[in-house]
Every structure is written in structure tokens, then in C-alpha cells.
Amino acid sequence: MEQWTKQQWEQNVQQYDQTAFFLYTPMCGTCEVSEKMLEVIEKLLPDLQLGMANINYLGDLPYELKIESVPCLIVSDNGELTNKIYAFKSVPFLYEILKK
């Protein structure tokens, strides 16, 4: 998964039908587990635009998107925010949400 900046996230949202952005912090154990799950998703859905970023380096984006906690997966469909996932229940759960 590629590290994105705020600008890269915004460009991908405008450019692609579906985009997912994984937000984490470095010392978060749950974030590490979630990242492993998303690595599997990345292999299952190679066309999905999927990026990640340390929330501490995103400036005001977390406030703009009203991010409540990490890990968080922001999903955008056709340029609109459609989902914020905080509970990464399982790979099949994430796959069902992202396979569109």
C-alpha cells in the first residue's frame, strides 16, 4: 500500500470511481492488524485505489472528514465520501464493502 498525502487522496477521489484511504498512527497495534487485512484486500482487488497515511501528518483533513479514531478506512465512491470504517471485522467484511 502506498503512502499518500492529503493532495494525493484528493486527486484520487476526483480521478477514480472508488478510492479507499487508510488512516493510522505508528504506535497503534490495532492499526497494524488492520493494515495486514488491507494488504490481503489489495491483492484481491488490484484495481482498487488504496492508499494510507499517518493521521498525524494530514493537517486539517481529519477534522474536515470528522475522523473519530484510528484505524479508519475512508471510502469514496464517485467523488463522494460513502463510508468510514473503524471496526475492521474481517477480510471478507472489508471485501464486501470494497468490491463494488
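Every letter in the sequence shown is one number past the one before it in the UniProt record's numbering, and letter 59, counting from 1, is 59.
All C-beta atoms in this analysis are idealised placements derived from N, C-alpha and C, irrespective of residue type, glycine included.
By how many angstroms is the C-alpha of Gly51 removed from the C-alpha of Ala20? Here residue 20 corresponds to residue number 20 of the sequence shown, with the count starting at 1. Here residue 51 corresponds to residue number 51 of the sequence shown, with the count starting at 1. Cα-Cα distance, rounded: 6 Å.
If you follow the alpha helix (DSSP H) that Thr19 is part of, which residue opens it and which one closes it? Here residue 19 is taken as the residue at index 19 of the sequence shown, counted from 1. Per DSSP, Thr19 is not a residue of any alpha helix (DSSP H); the beta strand (DSSP E) it occupies stretches across 18-24.
Determine the DSSP secondary structure at Gly29, reduced to helix, strand or coil. The sequence position of residue 29 within the sequence shown is 29, counting from 1. If DSSP states are grouped into helix, strand and coil, Gly29 belongs with the helices.
When you compare each of Tyr57, Glu35, Leu61 to residue 138 by their alpha carbons, which one comes out closest? Residue 138 lies beyond the range of the chain shown here (1 to 100); nothing can be said about it.
Where Asn56 and Gln18 are concerned, what is the direct C-alpha to C-alpha distance, given to the nearest angstrom? The count along the sequence shown starts at 1 and reaches residue 56 at position 56. The count along the sequence shown starts at 1 and reaches residue 18 at position 18. The straight-line gap from Cα to Cα measures roughly 24 Å.
Please report the straight-line C-alpha distance between residue 178 and Leu45, rounded to a whole angstrom. Absent from the structure is residue 178, since the part of the chain shown begins at 1 and ends at 100.
Which residue or residues does DSSP assign as beta-bridge partners of Lys84? Along the sequence shown, one-based indexing puts residue 84 at 84. When beta bridges are read from the DSSP output, Lys84 appears opposite Ile74.
Determine the DSSP secondary structure at Leu38, reduced to helix, strand or coil. Translated into the one-based positions of the sequence shown, residue 38 becomes position 38. When DSSP states are grouped into helix, strand and coil, Leu38 belongs to the helix group.
Distance, Cα to Cα, Phe22 vs Pro71? As a first step, residue 22 must be located in the sequence shown, where it is residue number 22. As a first step, residue 71 must be located in the sequence shown, where it is residue number 71. Taking the straight line joining both Cα atoms gives about 7 Å.
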